[in-house]
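Report on the following structure.
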Amino acid sequence: MELPDVETDPISKVDLPQDLMVVGGKKDWDPIEEFWMQKLSKVEEQYETHMVNLERALLEKKVNRRVVSRQDNQIQKLKKQLAEKVQESNKFYKKSSALETDVSTLKTENQKLEEKLSMAVSKFVNVDKDAKVQRAEIRKCNRDMQVLKKKLKQLEHEKRMLTQEVNVKEDEKSRFQQKDATLWRQKSQLLRNLKTLDTERQVQTITNLKLNQTIINVLEDSTLRDKRILLLRRELDEAVQAMKKQRSTLEGCVRQKSLAESKLCDSKVKLKKLKGENRYLRSQLAELNENLSKLQSNLKSLGKERDRLHIELRKTKAQDLAIQNLSRQNAFQKLKLKHKISKLPPIETHLKDDMYDRKCPSVQIDGYKKKIWELERKLADVERKIEESKRRENSYRLRMQRYSALKEQLFWTRKAMLRLEADRQGMEQMIQSFAKTVPRKISFEKLVTDPSILDRIAKHKVLQQRLASQTEKVEHMKEITSFLLKNEEKRRAEDLSGSRQVPSSQPWQLNYWKQRSDMPEVLGGETKAGYYQDYMGFLKQEIPRIKSDLIQLERKKQYLRAQRAASQSRSASVSIIDLDAEDFHQSSLDEVSEEEEEDEEEDEEEEEEVNDAAESV
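If you're matching positions, the sequence shown starts at 271 in our numbering and goes up one per residue.
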C-alpha cells in the first residue's frame, strides 16, 4: 500500500497538539485584516443606510416646520379677521335694533353645537377601550368636525349677510337722521317764528321727551346685546380650541397605537424567525448527536480491535520467546555435539574419516544431519515469523496512533459542539437583549459614539465568525473521521483476506507538519489568550480612528444639509404666505393621510430590515 500524499491526504489537516506542530515560513493570510476589512465594509453600509434615514428625518422635520408655519400664519390671519369682524360687529350692533331674532337663532345653534361637543367629548373619552371602536369614533369625529366647519362657514356667510343688512339699515338710519336734522331746523324756525304758540310747544316738548326715553332704551338694549354677542364669541372660540386640542390628542393616540401595532408585528416576526433558528439549531444538534453516537460506536469497535491486537501481540511475543528458547537449545546441543566429537579417540576419528572418504552409510551421521537440517529450517521459519511479528507490531503501532488521533478528534468535536451550543445560547441572549433594550430608531450619532452599542455590534460579529469557523472545523473533522473509518474498514478487509502488502519502512512520520505555514493559534482546536489580547489591542486602536472619520463625514453632511435647507426655505417662504382656511383644512387632511402612508412605509422598511438581520444571523 502506497503512502498518502501530504497535500491531498485529509489527515494532514488534523489539529494536533502544540508540541507536535512546527511553524515554518511567513504568514500569507491574515484573518484580522480580513475581519476588519469586512467590518469596515459593513460599517460603510450601515453609514449609508443611516445617512438615508437621517435625510428622511430631515425632510420630515422640514415638512412639519412648513406645516407649523402655515398653521401659524393661518391662525394669525384668522385672528386678524376675527378682530376686524368684532370691531365691525361692535359698530354694527351698537346701531342695530333688529337682531334679536338672529341672536335667538344663534343661541339655538350654539346650544346644538354644545350638545354635539358634549357628545363628541363623551365619545372621545371612551376611545381608549377598544382600538377598532377608536378608529370608527375618530372617523365620526372627523366627519363631525367637517360638518361643524361647514356650519361655521355657513354662520360666517350669514354674518356677512347680516352685516350687509346692518349696512342697509344704517343707511336708512342716516337718512332718518338727516330728516331729523331738517325737522330740528324747521322746528327752530317754528319756535322762533311761533313763540306765541305755547300749546304747540308744550306738545312738542312732551313728544321729544318720549322720543328721548325710547332712544335711551334702544341704546341700553343694544349694549346688552353687544355684551351677549361677545360672550357667545368667546364661548365659540373656547369650543374651537377645545376641539383642536381633542383632535391633536386623538391624532397622538392614533399614532401611538400604530407604533404599538408595528412594534407588535416586528416582535412577532422576530419571534417567528427566532423559532425557525432554534429549530434549525436543534436539527443541527440532533445531527451532531447522531454523529457522536456513530463515532462512539466506532470507538467501541476500535477498542475491541485494540484488545484483540493486544492479545495477538502477547501471543506473538510468547512465540518469539519459545523460538528464542529453541534456538538456544539448538545452539547448546550443537556445542554438546562438538564437545563430544572433540572427546572421541583418534581411532574413531580415523574411522569416521575413512567412512566419509569411502562414503559408507552411517545411521547416526544421517540422523545428526537430519536434525541439523530441521533445526536450520525451524530457525528460518522463526526468523520469518519474527519479521512478520515486527511488521504486525508496526501496523499495530500505526493503528494505535490513529486510534489516539481519533480520540483527540472526538475530544475536539465534543468541545466544538459545546462551543457551538454556548455560542447559540449567547446569540439568542444577544438577540433577546437587542429586541428588549435597543430602541426602534437609533440616531446615527448615538450609533457612532455610544460604546455599549459598538461593543454589542463587535460581540455579535465575533460570535458570528466563531460560529462559522467552528462549524467549518466540525465539518472538517467529520470528513477526516469518515476518511479514516473508510481506510480502517479497507485495512480490516485486507487483513481478513490476506491481500494486504505491509511496507518495509515505517510510514508514520510527522515531517509534513514542518511544511505548514499557518498560525499556531489557528491550527489548534483552541485559540490562545494572546491571540485575543492582540485582537483587542487592534480593536482599541482602530475603533477611535473609525469614529473620528465618521464624525468628520457627518459634519460635512450636516453642513451640506444646512445649506440645502436654507436654499429650500428661501424658495418655500414665498409659497407659504398665500393660504386660506379651506386650504388649511384640506392640507391638514392631506397631512394626516401622508403621515399614515409614511408610517406604513416605515413599518414595511423595518420589517424588511428585521428579515435581513434574521437572514444574516
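Positions of the beta carbon are idealized from the N, C-alpha and C atoms, including for glycine.
Computed from a predicted structure; not experimentally measured.
According to DSSP, is residue i helix, strand or coil?
i, result
"serine 818", "helix"
"tyrosine 782", "For tyrosine 782, the predicted structure reports a pLDDT of 34, less than 50, and the residue's modelled location is therefore unreliable. A value from the coordinates is still provided. Helix, per DSSP."
"threonine 466", "coil"
"aspartate 496", "helix"
"aspartate 651", "helix"
"aspartate 300", "coil"
"serine 739", "helix"
"glutamate 796", "Confidence in glutamate 796 is poor, its pLDDT being 40 and thus under 50, which makes the residue's placement unreliable; the coordinate value appears in the next sentence. Looking at glutamate 796 - three-state DSSP - the assignment turns out to be coil, as it is neither helix nor strand."
"proline 790", "In this prediction, proline 790 scores a pLDDT of 37, lower than 50, which makes its location untrustworthy; no coordinate-derived value is stated."
"lysine 622", "Bear in mind that the predicted position of lysine 622 carries a pLDDT of just 45, short of 50, making it unreliable; the figure below should be weighed with that in mind. Three-state result, lysine 622: helix."
"glutamine 516", "helix"
Would you mind stating whether residue i and residue j have Cβ atoms separated by less than 9 angstroms?
i, j, result
"leucine 755", "tyrosine 317", "no"
"aspartate 342", "lysine 386", "no"
"leucine 502", "lysine 377", "yes"
"isoleucine 593", "lysine 655", "yes"
"aspartate 491", "asparagine 360", "no"
"leucine 324", "lysine 826", "no"
"leucine 481", "lysine 421", "no"
"leucine 520", "isoleucine 408", "yes"
"glutamate 428", "aspartate 372", "yes"
"arginine 736", "arginine 689", "yes"
"leucine 418", "methionine 513", "yes"
"phenylalanine 305", "lysine 731", "yes"
"glutamate 358", "threonine 433", "yes"
"lysine 364", "threonine 493", "yes"
"lysine 332", "alanine 835", "yes"
Under the rule that 16 or more other beta-carbon atoms within 10 Å means buried, what is residue i, buried or exposed?
i, result
"serine 845", "Note that serine 845 scores 42 on pLDDT, short of 50, meaning its location in the model is unreliable; the coordinates nonetheless yield the value given after this. Under this definition serine 845 is an exposed residue."
"leucine 329", "exposed"
"leucine 607", "exposed"
"valine 488", "exposed"
"methionine 389", "exposed"
"valine 436", "buried"
"histidine 620", "A caution first: histidine 620 carries a pLDDT of 44, below 50, which makes its placement in the model unreliable, though a value can still be read off. Flag for histidine 620 reads exposed."
"valine 524", "buried"
"glutamine 516", "buried"
"arginine 430", "exposed"
"arginine 340", "buried"
Kindly indicate if chain D contains any beta-carbon less than 9 angstroms away from that of residue i.
i, result
"leucine 591", "Going by chain labels, chain D is absent from the structure shown, which holds only one protein chain."
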